[in-house]
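0 is the number of the first residue of the sequence shown in numbering that gives the first Met the number 0; add one for each residue after it.
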Amino acid sequence: MRRKRQSETPEESAIRKKKDRESRRLRRAVSTQKEKMMERISKSQSKLETRLSETKERAEERRSSLQSIAKVKRASETKEQSTERLTYHSTRNGKKTEE
């Protein structure tokens, strides 16, 4: 509590108290508003993190699926096709380095 000021009239005291109440109310309102904003930010951040992890999972599933498909294709190809594929990729990579 504040001490009563020496030369403060009852009217001045009432005005000061009213201003004090108003400033406390405003501080509480600002603090509540900040809390709500922080809560919204936190929620949206957690949503983004969830979405990111789901996207990573799908990418990993897709990658493993493509790898298994490639293994099946390689297993079913003939010796001639295998040689052809290896030759194609080695000459293609060679051309890239020459350029």
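The C-beta atom is built at its ideal place from N, Cα and C for all residues, glycine as well. Quick caveat: nothing in here was measured; it's all calculated off a predicted structure.
Residue i versus residue j: straight-line alpha-carbon distance, rounded
| i | j | result |
| --- | --- | --- |
| E60 | I68 | 12 Å |
| E48 | R62 | 21 Å |
| S22 | R39 | 26 Å |
| Q66 | K72 | 10 Å |
| E53 | K42 | 17 Å |
| R27 | K16 | 17 Å |
| T31 | K70 | 58 Å |
Own chain partners of residue i with C-beta closer than 6 Å, once the 5 adjacent residues on each side are dropped
| i | result |
| --- | --- |
| K18 | none |
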